[in-house]
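Colleague: Numbering (the numbering used here), first residue to last: 1 to 204.
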Amino acid sequence: MIRRSAVLLALLLASGIARADGLTQLKQFMDGTRTARGSFAQQVFSKSGRKPQQASGTFAFARPGKFRWTYDKPYAQLLVGDGSTLWAYDQELNQVTTKKLGQALGSTPAAILAGDNALDRNFVLKDAGAADGLEWVEAVPKADDSSFERIRLGFSGGQLRSMVLFDNFGQTTALQFVQIERNPALDSAQFRFVPPKGADVVGD
1 MIRRSAVLLA
11 LLLASGIARA
21 DGLTQLKQFM
31 DGTRTARGSF
41 AQQVFSKSGR
51 KPQQASGTFA
61 FARPGKFRWT
71 YDKPYAQLLV
81 GDGSTLWAYD
91 QELNQVTTKK
101 LGQALGSTPA
111 AILAGDNALD
121 RNFVLKDAGA
131 ADGLEWVEAV
141 PKADDSSFER
151 IRLGFSGGQL
161 RSMVLFDNFG
171 QTTALQFVQI
181 ERNPALDSAQ
191 FRFVPPKGAD
201 VVGD
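#1: Just verifying my parser: in three-state terms, what is the DSSP assignment at Leu153?
#2: Quick check: what's the CA-CA separation for Leu119 versus Gln95?
#3: Tell me the DSSP bridge mates of Glu138?
#4: In the DSSP output, what is Gly203 paired with across the bridge?
#5: Is Val80 closer than 7 Å to Arg68 when the C-beta atoms are compared?
#6: To the nearest angstrom, report how far apart Arg152 and Ala185 are at their CA atoms.
#7: Taking the beta strand (DSSP E) that Asp167 belongs to, which residues open and close that run?
#8: Could you round the C-beta distance between Val140 and Arg150 to whole angstroms and report it? I think they count as a contact, below 8 Å.
#9: Can you grab the Cα-Cα spacing for the pair Gln42 / Ala110, in whole Å?
#10: Among Asp132, Leu175, Phe169 and Phe123, which has the Cα closest to the Cα of Gly49?
#11: Could you tell me whether any non-hydrogen atom of the ligand SAM is closer than 6 Å to the CB of Ser48?
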């Protein structure tokens, strides 16, 4: 009986150590991930409660500031950060929108993931407890002109599993990350973008 109690106690202690809080897992993920790639599923919920818009695609990033975020469904769209400029390409409209990457920090999930690790410089971070099998962190932008009210990041086993963004118009974007590979060797060419011939280019 004593031996069984000792084993149970050891298991409980081990599970407590393994289940780090959200802030600890966020730091581990950011500090230990220089590159990554994977897939995502996205849902956008409007304030009016209409049926959510769904999308999916793939992503890759290399810190600091380089990322490729590809929407495959329902429409083909591409976001590329080359370290200085954010390129957004709408294939159907054949239109490219550009923005200085520094101004775009925090305006897209890709920019948040590919940042320079100093999230606490741009966000007020706090542990948001456990829910849905994940440990959560809430990030509130420090900039008054941020397009988001707050962001929630969900972790499990030191891996980012979910991101929920609440914008200033009452819209919520929920992302689920799957098949994430951390620190793979990535071809730098995928973080460069040349506007297609005939595309309308607008922005900075």
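By construction, the Cβ of each residue, glycine as well, lies at the ideal position given by its N, Cα and C atoms.
Modeller: By the coordinates alone:
#1: strand
#2: 31 Å
#3: Lys126 and Arg152
#4: Thr98
#5: yes
#6: 28 Å
#7: Gln159 to Asp167
#8: 5 Å
#9: 13 Å
#10: Phe169
#11: Ligands displayed in this structure: none; no statement on the ligand SAM is therefore possible.
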